[in-house]
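Residue numbers (my numbering), protein chains in the order written: chain U, 1 to 745; chain V, 1 to 504.
See the structure below:
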């Protein structure tokens with residue numbers, strides 16, 4: 001990728017320098033706190049952020065957050081150094097660096113926040129930056145799809161987690177994790193809280209059955225895979241489980257859920273790892289295995305288990321980041337990542353080989369590497385765990401397969417006779433080698449001097465346990481069950497490695513594929529949405545009007561029924577002939593409107609109804625209103641009739657099918673309106689306003705016609721508004737007519 | 001002072017409309033519109049600052065004391081809404097200088113636009129129910145004019161659906177006013193608050209239902225939202241932006257006002273109905289969005305969906321929920337108007353709003369991509385943007401009431417919103433342009449770039465600011481919610497001391 005760029009500035013230019021120096025500086029800042037934290041101190045800095053919502057922004061440094069912060073900033077510095085070379089000339093390099101820095105900020109915030117809401121804010125920042133980074137090669141449909149998949153899966157988990165946070169706030173009375181007193185296990189909300197937090201953690205850390213997005217996320221550029229999808233972001237869920245262990249852990253539910261999901265993920269993923277031919281995919285699946293292992297041991301929750309988990313966290317971060325970066329160098333130097341093709345690269349790429357071998361040995365758990373120490377403690381913890389057989393079985397199977405995967409990923413490509421590759425193999429540039437070499441050497445150093453790691457592992461395990469945990473890491477002390485198990489692991493692993501070609505083709509037949517299901521789900525969602533929307537938004541105005549009135553009819557009917565409105569029907573004896581005749585007149589107009597097959601007749605009949613209403617006004621002594629009504633009615637009929645001339649003919653067949661329903665609805669609404677009107681009529685009318693208008697009209701507003709005074713003085717603002725309406729209507733009509741004269745595009 | 005200040009935003013907008021009308025055949029009209037929008041925003045800001053320092057402001061029009069004349073009232077909610085109207089108005093007025101063709105200007109675009117702003121401001125400021133109706137009419141006629149301006153066939157079709165369904169709303173609203181007057185004998189909202197106490201609560205609730213349906217149409221809730229997705233994708237981009245920002249929100253505002261101040265007789269029915277309507281609105285709206293492939297149609301259905309969140313806040317009627325509704329209202333206006341503005345630029349440089357026909361905006365127009373991403377992710381409720389806090393508060397309010405299903409729906413709809421926003425991002429921005437071209441902002445002139453992008457950037461910055469520093473906004477929203485829940489201050493401000501006296 002670097003080859004296509006024209007920009008050959010040193011380490012990616014200013015953007016690159018900032019992106020390298022920033023994490024490096026942060027690493028140093030965090031590192032200076034190691035002694036204090038190792039001594040048992042918990043450092044915190046708090047700033048109020050949104051006091052009204054109980055959100056504080058702050059840094060809480062204990063063993064757990066410091067370990068994560070060091071990994072995030074340290075690996076961050078190496079990855080950005082690597083990227084400066086890997087993507088330095090890429091036209092979108094600056095965007096890449098911005099996303100990476102946004103991610104780092106989010107990830108650091110996630111592990112440093114003590115306030116759950118603040119933690120969530122950063123949690124989602126990592127989700128979004130991960131989305132943008134997976135889709136970095138946006139021209140490829142696969143990148144776009146996989147980015148969306150990761151976003152939807154982790155986003156779903158995130159929303160569940162948010163609900164969980166709200167409930168934790170309710171249950172504990174605070175969003176501050178350190179202020180949660182004791183365990184929430186006995187709280188009535190424990191069950192929903194537990195499952196919601198689990199959903200968040202499992203989606204982020206890709207636990208079965210939410211694992212499938214992670215291997216797909218490898219569509220991102222290699223440094224992203226190394227950084228986000230192996231070393232840091234995907235451990236966000238693990239971090240959350242570790243952080244919440246004192247408040248939510250210790251129950252049977254916690255143990256069994258984490259043990260089963262973690263154990264199964266670990267074994268399942270390592271089996272799938274062996275099946276892959278793309279080495280990057282091998283590494284992706286072994287990352288799943290590591291995540292499963294961490295979840296499993298946090299679930300076990302004994303002192304040993306937590307100690308082992310925290311040690312393994314460091315172990316894995318070192319070797320896995322090194323291996324990912326290594327495969328990037330290999331890809332860069334040979335043009336392929338295919339395990340079946342790559343052989344004998346050692347001579348051409350000696351430095352890469354050194355890093356690969358060291359890291360792979362750590363992954364295989366060979367002494368004297370840190371991986372050996374980690375695995376010994378995992379075994380030791382497993383042997384003392386509840387449900388010992390399950391835990392030990394899982395971790396044994398996973399470790400054996402890790403051994404095989406290490407062979408596939410790092411031993412085989414560098415040994416044996418040199419094989420043909422798309423590009424003549426050549427060593428990578430130093431910025432790309434610095435990371436893998438440093439990380440793999442660290443794996444060796446910590447293996448030889450495990451005491452160094454204690455400074456972090458001990459306070460981290462203490463933080464996770466919520467009680468002081470004594471940690472004593474060592475390379476070798478005595479021949480015990482764990483040690484024997486290690487030897488068996490190596491032997492089995494070695495045999496399986498020799499057979500891995502056959503294993504792979506055997507496993508290739510076993511295809512637990514989640515992606516077609518995912519695609520079907522997405523298609524189903526789209527089709528379902530389209531289907532439902534098609535039912536609602538039909539495009540037919542007639543239907544819209546019907547539904548609108550139906551909603552009105554139903555809701556007022558229920559309201560009338562609830563209110564028990566049953567107004568008395570006023571005595572009909574008072575009605576005189578003129579009343580009856582007007583009524584008949586109106587009714588006839590309405591019926592004609594409803595039953596005629598001609599639009600023109602309907603309009604005219606509607607006019608009849610309007611005139612009838614004007615007559616009502618006259619009978620009840622409001623001649624001015626009647627005149628207005630009459631005028632409007634006549635104008636309306638004339639205008640609508642003119643407009644009708646331009647309309648297409650009515651579809652009588654269609655009208656017949658809907659007429660019955662329309663009539664029923666119209667009658668119901670009419671009846672409802674009558675009931676409401678009668679009820680309102682029955683209530684006494686408050687005449688305070690009328691009295692005031694009558695009294696004040698002449699002496700205060702200097703007008704004798706009260707209606708006029710109301711219009712131009714008491715309620716002049718209404719009239720002003722209505723004048724505006726008329727003016728705007730004129731303006732609109734003018735614009736429309738002008739538009740009609742122009743041919744419309 | 002407040003006698004002058006309260007009507008000022010409305011008057012400025014009207015005066016601007018008249019001036020702009022006279023200068024419609026030249027470029028002066030657009031600058032009058034911009035200047036008027038600036039003045040209106042300043043007036044609105046002064047009003048808000050006065051409300052925040054001195055409390056609820058009241059002006060009796062024509063000096064006729066309430067409840068006999070028309071009263072303008074600015075409590076915190078009203079003042080905030082007028083300010084946000086000013087902000088949206090200014091942003092769209094600036095955008096329109098580069099978006100609206102001289103033909104449309106000559107047809108009176110700027111005048112119609114300013115009348116619309118006047119109508120919206122009037123609706124927010126009035127304390128009189130019938131006067132509210134008048135402002136609704138002003139808005140309806142101005143928006144109809146704007147909607148069909150340009151006169152394309154699709155616009156006509158949209159315009160007819162829009163105006164028909166909105167007229168039905170108007171009829172319901174007007175009938176409701178008549179019936180309510182029959183029961184109480186008053187139109188002043190504060191007076192109504194007092195007088196309905198004496199009326200038959202059952203009957204008032206029936207009338208309230210009528211109002212609920214009428215306002216429901218205006219706010220575009222399920223199953224009354226048909227007019228919105230039928231119309232919003234058809235007019236000029238400036239027009240759809242201001243519609244998207246303000247129109248439905250006036251409906252929501254009216255609902256919030258009436259269903260806290262007047263209609264609280266039978267909360268189990270009115271607000272209970274509202275609750276399920278809100279949930280159905282959120283869900284059907286977002287599914288509608290997921291089904292579309294046009295930039296503006298997707299956004300239109302999102303409006304529906306998000307109206308559901310605001311109505312939800314009102315339905316729950318707790319201090320937190322109402323605060324969330326107010327916060328959501330403000331956030332939504334800023335973000336939604338902005339996304340429509342972005343769609344206009346995308347259309348300009350990529351040639352369409354149909355996302356299957358365009359692409360490559362990420363590669364070719366990174367600035368626009370970024371300016372889309374901010375409001376888009378804010379809309380989808382991602383932190384640390386304004387939409388997150390809005391969503392969070394409403395989810396918390398639902399969970400506090402142990403309405404698990406409602407909270408689950410609100411969250412699931414959030415997820416679907418992400419899904420449908422990324423649809424635009426994935427297809428219009430990430431995917432290469434099917435025509436093989438790379439759309440670029442370079443195809444616009446420097447002045448077009450400035451006038452189209454600066455309002456977008458301004459609104460995007462506002463989203464980020466609200467997201468990063470929500471505290472003052474939360475406080476104002478809390479204050480607005482408290483005033484709504486306890487209307488005594490409002491009533492006293494309008495009617496004076498409990499004993500009402502005839503003015504002079």
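Glycine included, C-beta positions come from ideal geometry on N, C-alpha and C.
CB contact check: residue 120 (chain U) to chain V, cutoff 8 Å: Yes, residue 120 (chain U) counts as interfacial toward chain V.
CA-to-CA distance, residue 114 (chain V) to residue 745 (chain U), given in whole angstroms: A caution first: residue 745 (chain U) carries a pLDDT of 45, below 50, which makes its placement in the model unreliable, though a value can still be read off. Residue 745 (chain U) and residue 114 (chain V): Cα-Cα distance of roughly 27 Å.
Touching by the beta-carbon criterion (3+ pairs, under 8 Å), the stretch 675-682 of chain U and the stretch 555-575 of chain U: Verdict: yes, contact present.
Pair within 8 Å by beta-carbon distance, residue 6 (chain V) and residue 57 (chain V): Cβ atoms of residue 6 (chain V) and residue 57 (chain V): closer than 8 Å.
Touching by the beta-carbon criterion (3+ pairs, under 8 Å), the stretch 40-59 of chain U and the stretch 110-127 of chain U: A contact between stretches requires three or more CB pairs, one per stretch, nearer than 8 Å, and the stretch 40-59 of chain U meets this requirement with the stretch 110-127 of chain U.
Residue 60 (chain V) - partner residues in DSSP beta bridges: Partner(s): V:71.
Residue 12 (chain U) in three-state terms, based on DSSP: DSSP places residue 12 (chain U) in the helix class (H, G or I) of the three-state scheme.
Beta carbon proximity, residue 548 (chain U) to chain V, threshold 8 Å: It does: the Cβ of residue 548 (chain U) has a partner Cβ on chain V nearer than 8 Å.
Proximal residues of chain V, C-beta to C-beta of residue 95 (chain U) below 8 Å: Residues of chain V with a Cβ closer than 8 Å to the Cβ of residue 95 (chain U) are, in chain order, 366.
Cβ contact check for the stretch 273-283 of chain U and the stretch 425-437 of chain U: 3 or more pairs under 8 Å: Of all C-beta pairs linking the stretch 273-283 of chain U to the stretch 425-437 of chain U, fewer than three are shorter than 8 Å, placing the two stretches out of contact.
Euclidean distance between Cα positions of residue 173 (chain U) and residue 407 (chain V): Separation of residue 173 (chain U) and residue 407 (chain V) (C-alpha to C-alpha, rounded to the nearest whole angstrom) is 19 Å.
Buried versus exposed, by CB contacts within 10 Å (16 or more), residue 510 (chain V): The structure shown does not extend to residue 510 (chain V), since chain V spans only 1 to 504, so no value can be given for it.
Beta carbon of residue 211 (chain U) nearer than 8 Å to that of residue 287 (chain U): Going by C-beta atoms, residue 211 (chain U) is not nearer than 8 Å to residue 287 (chain U).
Contacts around residue 428 (chain U), its chain only, beta-carbon distance under 7 Å, and the 5 residues preceding and following it disregarded: 329, 332, 333 and 352.
Own chain residues within Cβ distance below 8 Å of residue 347 (chain U), not counting five before or after: So the qualifying residues of the chain are 418.
Where residue 25 (chain V) sits in the DSSP three-state scheme: Collapsing the DSSP output to three states places residue 25 (chain V) in coil.
Among U:188, U:140, U:119 and U:225, the one whose alpha carbon lies nearest that of residue 201 (chain U): The shortest C-alpha separation from residue 201 (chain U) is found at U:119.
Residues from the stretch 43-66 of chain U in contact with chain V, defined by Cβ distance under 9 Å: Look at the stretch 43-66 of chain U: the residues with a C-beta under 9 Å from a C-beta of chain V are 48, 49, 50, 51, 52, 53 and 55.
Residue 50 (chain U) - DSSP class collapsed to helix/strand/coil: Residue 50 (chain U) falls in the strand class under three-state DSSP.
Three-way DSSP call (helix, strand, coil) for residue 56 (chain U) in this model: If DSSP states are grouped into helix, strand and coil, residue 56 (chain U) belongs with the strands.
Residues of the stretch 62-89 of chain V whose Cβ lies closer than 9 Å to any Cβ of chain U, in chain order: Going along the stretch 62-89 of chain V in chain order, one finds 62, 64, 67, 68, 69, 70 and 72 with a Cβ nearer than 9 Å to chain U.
Among U:47, U:595, U:651 and U:498, nearest to residue 775 (chain U) - alpha-carbon criterion: Since the displayed chain U opens at 1 and closes at 745, residue 775 (chain U) lies outside it and no answer follows.
Distance between residue 280 (chain V) and residue 510 (chain V) (C-alpha atoms, nearest Å): No answer is possible for residue 510 (chain V): the residues shown for chain V start at 1 and end at 504.
Interface partners of residue 137 (chain V) on chain U, CB under 8 Å: Going along chain U in sequence order, the residues near residue 137 (chain V) (Cβ under 8 Å) are 721, 722 and 725.
Range of the contiguous alpha helix (DSSP H) that encloses residue 215 (chain V): Note, residue 215 (chain V): alpha helix (DSSP H), 201-219.
Residue 287 (chain V) vs residue 416 (chain V) beta-carbon contact at 8 Å: Taking 8 Å as the Cβ cut-off, residue 287 (chain V) and residue 416 (chain V) qualify as a contacting pair.
Neighbourhood of residue 279 (chain U) by C-beta, 6 Å cutoff - its chain only, sequence neighbours within 5 removed: Excluding sequence positions up to five before and after residue 279 (chain U), its CB lies within less than 6 Å of the CB of 327, 337, 339 and 409, all in the same chain and listed in chain order.
Which of helix, strand or coil DSSP assigns to residue 651 (chain U): In the three-state scheme derived from DSSP, where H, G and I count as helix and E and B as strand, residue 651 (chain U) is classed as coil.
Three-state secondary structure assigned by DSSP to residue 188 (chain V): Three-state DSSP puts residue 188 (chain V) in a strand.
Residue 297 (chain V) burial status per 10 Å Cβ neighbour count (16 or more: buried): By the 16-neighbour rule on beta-carbons within 10 angstroms, residue 297 (chain V) is buried.
At least 3 beta-carbon pairs within less than 8 Å: the stretch 682-699 of chain U vs the stretch 191-207 of chain V: Touching, per the Cβ criterion.
Same chain only: Cβ atoms within 8 Å of residue 44 (chain V), ignoring 5 sequence neighbours per side: So the qualifying residues of the chain are 9, 79, 82, 83, 85, 86 and 121.
Cβ-based neighbour list, residue 495 (chain V), same chain, cut-off 6 Å, excluding 5 preceding and 5 following: Excluding residues within five positions, the ones whose Cβ falls inside 6 Å are 66 and 190.
Coarse secondary structure for residue 44 (chain U), derived from DSSP in three states: The answer is strand: DSSP assigns residue 44 (chain U) an E or B state.
Coarse secondary structure for residue 148 (chain U), derived from DSSP in three states: The answer is helix: DSSP assigns residue 148 (chain U) an H, G or I state.
Classification of residue 194 (chain U) by the beta-carbon crowding that lies within 10 angstroms, buried from 16 upward: Classification for residue 194 (chain U): buried.
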